[in-house]
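So the sequence shown is numbered by this note's numbering: it starts at 1 and just counts up by one.
Even glycine gets a Cβ: it sits at the ideal position worked out from N, Cα and C.
Just below is one structure, and these are the notes that go with it.
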Amino acid sequence: MGQKISTLHVKLDRRARRKTVPLGASKIPTMVANSCTPSPARKDEYKWIDRRGYREGGNPKYALPTDRAEAARMNARHYQLRYIFQRDYQAPITEDLQNGINVLDVGCGTGIWSTEMASQYPASTFIGTDIVGLFKGTVAPSNCTFVLANTVKGLPFPDNTFDFVFQRASSMCFTVKEWPVVLKELVRVTKPGGIVELLDDAIWIHNSGPVTEAMCKNLDNVMAYRDIKFDLTTRLDPLLGAAGLKNVQHEYHSVPIGWGPTQEEFKDNIILFFQASVPVMRLALGISSTEMSQRIEVIARELNGVQKSFMNFDSYIGIKPAATESESENEVEAHTDYLPKDDATQQSVTLPSTGWRALRGMRGPAITNGLALVHRVSIISCWSCAKYPLDGGLGRFMEPVKYSKHAMKFAIVMMES
1 MGQKISTLHV KLDRRARRKT VPLGASKIPT MVANSCTPSP ARKDEYKWID RRGYREGGNP
61 KYALPTDRAE AARMNARHYQ LRYIFQRDYQ APITEDLQNG INVLDVGCGT GIWSTEMASQ
121 YPASTFIGTD IVGLFKGTVA PSNCTFVLAN TVKGLPFPDN TFDFVFQRAS SMCFTVKEWP
181 VVLKELVRVT KPGGIVELLD DAIWIHNSGP VTEAMCKNLD NVMAYRDIKF DLTTRLDPLL
241 GAAGLKNVQH EYHSVPIGWG PTQEEFKDNI ILFFQASVPV MRLALGISST EMSQRIEVIA
301 RELNGVQKSF MNFDSYIGIK PAATESESEN EVEAHTDYLP KDDATQQSVT LPSTGWRALR
361 GMRGPAITNG LALVHRVSII SCWSCAKYPL DGGLGRFMEP VKYSKHAMKF AIVMMES
């Protein structure tokens, strides 16, 4: 098992052959695109800990390295998410992209989302921003460029510049106090009538073994000391409204780990994620690299599909209205009061058995207006529940499911389409 884990990065590099992966592929790809694998940075650009590189000038609170191995993991995850969601975005903007609009990819990482989208929609213009130059050396189409920028300090664009603003995988990036600032900045650069979309996960593996659960708790505690709350990404609705967005649609998708359509590929990426966190976790917990490696090997065995482990991905889509009422920064920050202080804040909500529909592959525009009345709605696609195979049919799943330490309970109603 240890040898398998240690060779995962090599497997990713060896499979870096295809530039794009078609939608609806029969297998989740683990390869990364050559055009999106950044050139190695100079040694003096890195701070090295346990043989993992952290680029100078990056976010000091971010726990993961920014070296080439992490770039390969991020690129592979991009293709896995494309397979899971069957597209690279959820917003209803396909026709606009075909006609030509301005798109901003905030926190773009390697830039793979921007380059792939730019190739697919040549009439549109794409700009990717990130605090570190992990995108340096990326070969991009002529309609795609990259800019170094710190979102917290302000994006280098005028107000009302972009028709579509996209951000994902940011749960480890921003503190509780920074999130309102970040969201206001995303809305600021969005044109009136434009769309902001977020996709993130709370970095918690459900239905896992004891070592996996302990690792998730340890990582959650370590980042909490840095004022980074992973589960904040499950409760962004009030902050998005305070930032000026209207008609915010929130849903989440449950993604199997080590079973179901994702099989081993997503599990491998999770293991690589835990490996990437070793330098920070080892120092914080005061244990050796060997002990951390042993724990990760146990995690790989626990995620064997028997317990049906899964992760939840939250997506948000909101529209910037033509006229907005501005709120002071203090008023926006006040909306963080909804954050749970302990498990006693959990609530139990049961959706009525009529008038609610959860469609397989449900997208933001398909959510009925009634769902906006619910603080957080749990959507489980039929392929992510062991009871319902990929046969196109939807059954009923009435049992409330507890998803995470601070997650709210919901009865999930899945009706036949």
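Residues near residue i in its chain [Cβ-Cβ closer than 7 Å; skip 5 each side]
{"i": "alanine 91", "result": "Phe164, Ile195, Glu197, Ile317 and Gly364"}
{"i": "histidine 78", "result": "Ile112 and Trp113"}
{"i": "glycine 258", "result": "Glu264, Lys267, Leu303, Asn304, Gly305 and Ser309"}
{"i": "arginine 295", "result": "Val211 and Met215"}
{"i": "asparagine 269", "result": "Arg73, Ala76, Arg77 and Gln80"}
{"i": "asparagine 247", "result": "Gly318 and Ile319"}
{"i": "valine 182", "result": "Thr151, Val152 and Phe174"}
Burial state of residue i (16 or more Cβ within 10 Å)
{"i": "glutamine 86", "result": "exposed"}
{"i": "asparagine 99", "result": "exposed"}
{"i": "tyrosine 225", "result": "exposed"}
{"i": "asparagine 221", "result": "exposed"}
{"i": "arginine 82", "result": "buried"}
{"i": "glycine 244", "result": "buried"}
{"i": "alanine 426", "result": "Since the first residue of the chain shown is 1 and the last is 417, residue 426 is not available in this structure."}
{"i": "glutamate 291", "result": "exposed"}
{"i": "threonine 94", "result": "exposed"}
{"i": "leucine 283", "result": "exposed"}
{"i": "glutamate 251", "result": "buried"}
{"i": "alanine 300", "result": "buried"}
{"i": "aspartate 88", "result": "buried"}
{"i": "lysine 229", "result": "buried"}
{"i": "glycine 58", "result": "buried"}
Start-to-end residues for the beta strand (DSSP E) that takes in residue i
{"i": "isoleucine 270", "result": "Careful: isoleucine 270 lies outside any beta strand (DSSP E), inside the alpha helix (DSSP H) at 265-276."}
{"i": "tyrosine 225", "result": "Tyrosine 225 -> no beta strand (DSSP E), and no H or E assigned at all."}
{"i": "histidine 253", "result": "246-256"}
Opening and closing residue of the alpha helix (DSSP H) in which residue i lies
{"i": "phenylalanine 313", "result": "Careful: phenylalanine 313 lies outside any alpha helix (DSSP H), inside the beta strand (DSSP E) at 310-319."}
{"i": "asparagine 75", "result": "68-85"}
{"i": "lysine 184", "result": "178-188"}
{"i": "aspartate 96", "result": "94-99"}
{"i": "valine 298", "result": "289-302"}
{"i": "glycine 154", "result": "Taken as a continuous stretch (DSSP letters only), glycine 154 belongs to no alpha helix (DSSP H), as it is neither H nor E."}
{"i": "leucine 240", "result": "237-243"}
Contacts around residue i, its chain only, beta-carbon distance under 8 Å, and the 5 residues preceding and following it disregarded
{"i": "alanine 149", "result": "Thr129, Asp130, Ile131, Leu155 and Pro156"}
{"i": "alanine 276", "result": "Arg52, Leu64, Pro65, Ala69, Glu70 and Arg73"}
In DSSP terms, what residue i is bridged to
{"i": "threonine 129", "result": "Val106 and Val147"}
{"i": "tyrosine 121", "result": "Answer by DSSP bridge pairing: none, since tyrosine 121 is not bridged."}
{"i": "lysine 47", "result": "Tyr54"}
{"i": "glutamate 197", "result": "Phe166 and Ile317"}
{"i": "histidine 439", "result": "What is shown of the chain runs 1 to 417, which leaves residue 439 out entirely."}
Min CB distance residue i to chain C below 8 Å
{"i": "serine 309", "result": "Absent from the structure is chain C; it holds one protein chain and no more."}
Sequence-distant residues of the same chain with beta carbon closer than 6 Å to residue i, five excluded per side
{"i": "aspartate 105", "result": "Trp113, Ser114, Gly128 and Phe166"}
{"i": "threonine 354", "result": "Confidence at threonine 354 is low in this model, with a pLDDT of 26, below 50, so its placement is unreliable and no value can be given for it."}
{"i": "asparagine 160", "result": "Lys191"}
Between the segment 270-287 and the segment 182-190, do three or more beta carbon pairs fall short of 8 Å? Flag = no, the segment 270-287 and the segment 182-190 do not touch.
Taking 8 Å as the cut-off, does the segment 162-178 touch the segment 42-56 (at least 3 CB pairs, one atom from each stretch)? no
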